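Encoded as structure tokens, the structure appears first; notes follow it.
Residue numbers (the working numbering): 337 to 571.
Okay, here's the thing in structure tokens:
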């Protein structure tokens, strides 16, 4: 069943036509990835779905309801969360305070239970519960950004470049967490420059080139596609 449907969206930055008629779908219990070079429009697509940017044309539908014009905070409360590129944690707040901010759309009676769940899923964050978030390592900050997004209990988690700037061993850990989240029933839309890792974890994939979708299909097929391998996998 389709959870998210994006239909022919066009997004502009001033006179620049950044997204040129993208259409995509994410079904429940899927991991779908968007891959492409820098500047292809991957982050712009996620930000538009999340309500942070407004499409000039086209529609975004989530769980049967059109989101066009809906404030980003209401979109979160409907069950969608974005873990943004660059993590964007609250640097001067503690780990716990960051997580509390992630649960702002939830009833206060549910926050403690969600916090315990995040600390079980990310034990490193429990160890650093009272630490100022800006002093965490890159990998810990990424875990915090993901946990903060999960505090809203999303049905769809959008991850924008979760492996950016991380050492290879931490990249493995982050993608293992993505697999675990998927196994626990979270649908994932993943933007990732590490195409090899993204395609290895995803069910389906879309390839973006300069604001348009040039290719789509099962991730396993794109992983073995000569054109994709040459352009994005370095082989």
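Think of the CB as a built atom: it goes at the ideal place given N, C-alpha and C, for glycine as much as any other residue.
Note that this is a predicted model, so its numbers are computed, not measured.
{"Item": "Per-residue DSSP class, three states only, for residue 425", "Value": "coil"}
{"Item": "Between the CA atoms of residue 339 and residue 399 - distance to the nearest angstrom", "Value": "5 Å"}
{"Item": "Rounded straight-line distance, which links the Cα of residue 442 to that of residue 505", "Value": "34 Å"}
{"Item": "When 509, 532, 472, 540 are compared against residue 524, the one with the closest alpha-carbon", "Value": "540"}
{"Item": "Counterpart residues of residue 540 in DSSP-defined beta bridges", "Value": "368, 554"}
{"Item": "Short Cβ contact (8 Å threshold) for residue 346 with residue 355", "Value": "yes"}
{"Item": "Any alpha helix (DSSP H) of 4 or more consecutive residues that is wholly inside the stretch 359-419", "Value": "378-385, 408-413"}
{"Item": "Cβ separation of residue 537 and residue 382, assumed to be a contact under 8 Å, to the nearest whole Å", "Value": "About 17 Å; that fails the 8 Å criterion."}
{"Item": "Residue 484 versus residue 360 - alpha carbon distance", "Value": "26 Å"}
{"Item": "Sufficient close CB pairs (3 or more, under 8 Å) joining the stretch 461-476 to the stretch 490-508", "Value": "yes"}
{"Item": "Range of the contiguous beta strand (DSSP E) that encloses residue 527", "Value": "523-527"}
{"Item": "Environment of residue 562 [buried if 16+ CB atoms lie within 10 Å]", "Value": "exposed"}
{"Item": "Span separating the alpha-carbon of residue 513 from that of residue 522", "Value": "11 Å"}
{"Item": "Among 496, 509, 432, 437, the one whose alpha carbon lies nearest that of residue 420", "Value": "496"}
{"Item": "Cβ-based burial, residue 458 [other Cβ within 10 Å; buried from 16]", "Value": "buried"}
{"Item": "Distance between residue 559 and residue 415 (C-alpha atoms, nearest Å)", "Value": "30 Å"}
{"Item": "Environment of residue 376 [buried if 16+ CB atoms lie within 10 Å]", "Value": "buried"}
{"Item": "Residue burial classification, residue 530 (beta-carbon count within 10 angstroms, cutoff 16)", "Value": "buried"}
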